[in-house]
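Protein chains in written order, with numbering that gives the first Met the number 0: chain H, 0 to 327; chain Y, 0 to 327.
From the three backbone atoms N, C-alpha and C, an ideal C-beta is built for every residue, glycine too.
Quick caveat: nothing in here was measured; it's all calculated off a predicted structure.
A short write-up of the structure that comes next.
Number of protein chains: 2
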Amino acid sequence: MRVSYAEMAAVLTDVLNRRGFDPPRAQRCAELFADTDRDGVYTHGVERFRRFIRTIENGVVDVQARPRRVAAHGALERWDGCGGPGNLNAHASMARAIALAQANGIGCVALANTNHWMRGGTYGWQAADAGVIGLCWTNTLANVPPWGAAEPRIGNNPLIVAVPRAAGHIVLDIAMSQFSVGALQSYAARGERLPVAGGYDGDGHLSTDPAAIDATRRLLPIGFWKGSGLAVLLDAAAATLAGGRATHEIPTEPERESSLSQVFIAIDPAPLGGPQHIADAIVDHLHATPPGDGAVRYPGERTLETRRRNLAEGIPVRESTWNWVTSL
Amino acid sequence: MRVSYAEMAAVLTDVLNRRGFDPPRAQRCAELFADTDRDGVYTHGVERFRRFIRTIENGVVDVQARPRRVAAHGALERWDGCGGPGNLNAHASMARAIALAQANGIGCVALANTNHWMRGGTYGWQAADAGVIGLCWTNTLANVPPWGAAEPRIGNNPLIVAVPRAAGHIVLDIAMSQFSVGALQSYAARGERLPVAGGYDGDGHLSTDPAAIDATRRLLPIGFWKGSGLAVLLDAAAATLAGGRATHEIPTEPERESSLSQVFIAIDPAPLGGPQHIADAIVDHLHATPPGDGAVRYPGERTLETRRRNLAEGIPVRESTWNWVTSL
């Protein structure tokens, strides 16, 4: 079934109001979920709302908690997320980084003690919508083995980079594992193989069998040793700047994942002046590439196409999921 | 053969003095090359010096040119590399970013019109040695096909992240291709297969045959579509902030590669206070991982081991290369 953006946002806002959110925060939180489905990231929108509600019920998420600044030096600030809703904390942190960038050219907010930010790309789009370059990342619970090991000890630590562009921002949102556990389960449920190797099977061989990888929990980092190393660095930088927890200190049960550390950086190129349309020329050159196996897209291009379609035709939602949401 | 660090630096300094460098710049440039061999990155040290000299001779590198600031807003600055030596420009830019971070918590220098920075990791070690977190990247000539295409149109755009740690900094230096062209050629010369797929063969299949990949020029981005997307974002951010050239505007002949755009970010966590030894605890936890196929190392660990050995025993150099250098 399809639900209009306005209806989805209104229904979710209503649910959150009844869960104790202050009205403006209920609306913002609901819109961040609806934006995610509108943009086609269906794993992290309404489908994820069920787990979000459970983390309110189990006390991981404190709906009333707001982030507070605990230290600052110039354009660098450290905030405590106080265990509040992860998407509201992250949105407030990127908003603050943008304000710092507008005042100082570049700004950085490091956020400790926060919860899952849902779709990380949200905060890249937020920065680009404000006309600035955005760069943010989070640590996560341990869900990937470091290179050379079989046991999950590093997070898949999503990294987001966004460059604004009038005709459509360039926005990348990538985890350090080639596929998420959720993606493996989606492929397995559809009876499909992965398009490329996503981890190791029970014999220790690289595999495209999602069920075999899910069984070993040996997800593959992007670029093998490279993504493993980048996950370590993102964790070390986030925990150090936030003065918060590192991956090895985060509860490993998904619905208990909490006390995450995140970094939000915004850079405002406008006051520097200089040539315009650099990002446009990059996109034009990519689009002019002779295609090999498929069309060449820039990161964010498909998101924008999906957004336009979903705003026009309504957002696809599983009927069982929507029935559950409207029964809350 | 092995050459002491002091001898290597002195010989290279002498060569550069006779090529027209001012004495302090000759010494710094020579040390940056010697540091690279000392740390075991043999592809980008003395072995690379031959190409560096040729780029002086062909006019790509102007030994007298110094970077100059062309725009600034708070903690964000734009510099013009003026076609000077790439490693000197990059070192000066990271030094400036560190100073900006010490004053403002975070600092960013975007550098246009510069040349190949040789080993990117150098500037990560530089930041960490100053006690700050470093993040820098460069664009390059087009040497990797974007995901979905067969023709090289994106750069392998190395990304460096460094977190300081008293017992040994955590430093990552990764290109967006799984292997560099130089690495492919090294494997091919030794008659070895790649340890993991590094690109496509002539039939369009993923391959571990370095010669077959070198023939198609279809290098594989790390994480397939993910590394391809990250390369696009790093290029767009660097060219936009620097007001400089993007990959598609950079000459594709290696010895004509010039007018690169780079970004140097430093973040100083010290004034924020808070918990110490976060990076130590991450390293300790990694080291305690039960090994799978090999030992678990943190990024930079091997570098430090190699550095200690090479300082004690001398730096390994190919005799033919060293004979050529000393004949200059």
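Flag residue i as yes if its beta-carbon sits less than 8 Å from any beta-carbon of chain H, otherwise no.
i: residue 288 of chain Y; result: yes
i: residue 131 of chain Y; result: no
i: residue 103 of chain Y; result: yes
i: residue 139 of chain Y; result: no
i: residue 223 of chain Y; result: yes
i: residue 45 of chain Y; result: no
i: residue 193 of chain Y; result: no
i: residue 268 of chain Y; result: yes
i: residue 119 of chain Y; result: no
i: residue 229 of chain Y; result: yes
i: residue 62 of chain Y; result: no
i: residue 55 of chain Y; result: no
i: residue 127 of chain Y; result: no
i: residue 234 of chain Y; result: yes
Exposed or buried, residue i, counting other C-beta atoms within 10 Å across all chains shown (16 or more means buried)?
i: residue 310 of chain H; result: exposed
i: residue 138 of chain Y; result: buried
i: residue 63 of chain H; result: exposed
i: residue 319 of chain H; result: exposed
i: residue 57 of chain H; result: exposed
i: residue 24 of chain H; result: buried
i: residue 290 of chain H; result: exposed
i: residue 191 of chain Y; result: exposed
i: residue 177 of chain Y; result: buried
i: residue 234 of chain H; result: buried
i: residue 322 of chain Y; result: exposed
i: residue 325 of chain Y; result: exposed
i: residue 194 of chain Y; result: exposed
i: residue 251 of chain Y; result: exposed
i: residue 275 of chain H; result: exposed
i: residue 204 of chain Y; result: exposed
i: residue 157 of chain H; result: buried
i: residue 267 of chain Y; result: buried
i: residue 208 of chain H; result: buried
i: residue 330 of chain H; result: Missing from the structure shown is residue 330 of chain H; chain H here goes from 0 to 327 and no further.
Which whole-angstrom value is the C-beta distance of residue i and residue j, which I expect to be below 8 Å?
i: residue 278 of chain Y; j: residue 100 of chain Y; result: Residue 278 of chain Y to residue 100 of chain Y, Cβ: 17 Å. No contact.
i: residue 231 of chain H; j: residue 297 of chain Y; result: 6 Å
i: residue 146 of chain H; j: residue 223 of chain H; result: 6 Å
i: residue 112 of chain Y; j: residue 258 of chain Y; result: 5 Å
i: residue 160 of chain H; j: residue 171 of chain H; result: 5 Å
i: residue 135 of chain H; j: residue 119 of chain H; result: 7 Å
i: residue 5 of chain H; j: residue 15 of chain H; result: With 8 Å as the limit, residue 5 of chain H and residue 15 of chain H do not qualify as a contact, their Cβ atoms being about 16 Å apart.
i: residue 140 of chain Y; j: residue 256 of chain Y; result: 5 Å
i: residue 269 of chain Y; j: residue 130 of chain Y; result: 6 Å
i: residue 219 of chain H; j: residue 182 of chain H; result: Incorrect: roughly 12 Å between the Cβ atoms, too far for contact.
i: residue 242 of chain Y; j: residue 273 of chain H; result: 3 Å
Along the chain, where does the beta strand (DSSP E) that runs through residue i open and close?
i: residue 159 of chain H; result: 158–162
i: residue 76 of chain H; result: 75–79
i: residue 100 of chain H; result: Where residue 100 of chain H is concerned, there is no enclosing beta strand (DSSP E), although the alpha helix (DSSP H) it sits in stretches over 85–103.
i: residue 400 of chain Y; result: Any property of residue 400 of chain Y remains undetermined from this structure, which presents chain Y solely from 0 to 327.
i: residue 184 of chain H; result: That residue, residue 184 of chain H, is in no beta strand (DSSP E); its alpha helix (DSSP H) goes 180–188.
i: residue 261 of chain H; result: 259–266
Counting only beta-carbon separations shorter than 8 Å, does residue i have a partner in chain Y?
i: residue 255 of chain H; result: no
i: residue 242 of chain H; result: yes
i: residue 152 of chain H; result: yes
i: residue 329 of chain H; result: Chain H is shown only over 0 to 327; residue 329 of chain H falls outside these bounds and no answer can be derived.
i: residue 168 of chain H; result: no
i: residue 144 of chain H; result: yes
i: residue 122 of chain H; result: no
i: residue 77 of chain H; result: yes
i: residue 186 of chain H; result: no
i: residue 83 of chain H; result: no
Please list the terminal residues of the continuous alpha helix (DSSP H) segment that includes residue i.
i: residue 228 of chain Y; result: 224–241
i: residue 311 of chain H; result: 300–312
i: residue 176 of chain H; result: Per DSSP, residue 176 of chain H belongs to no alpha helix (DSSP H) and is neither H nor E.
i: residue 132 of chain Y; result: Premise fails: residue 132 of chain Y lies in the beta strand (DSSP E), 132–137, not in any alpha helix (DSSP H).
i: residue 7 of chain Y; result: 4–17
i: residue 280 of chain Y; result: 277–286
i: residue 32 of chain H; result: 22–37
i: residue 127 of chain H; result: 120–128
i: residue 52 of chain Y; result: 45–56
Between the region 45–52 of chain Y and the region 313–323 of chain H, do at least 3 Cβ pairs fall closer than 8 Å?
no
Specify whether the region 79–95 of chain Y and the region 121–134 of chain Y touch according to this definition: at least 3 beta carbon pairs, one from each stretch, less than 8 Å apart.
yes
Inter-stretch contact (C-beta, 8 Å, three-pair minimum) for the region 34–43 of chain Y and the region 32–43 of chain H:
no
Measuring CB atoms only, is the region 74–91 of chain H touching the region 140–154 of chain H, in the sense that at least three cross pairs come out at less than 8 Å?
no
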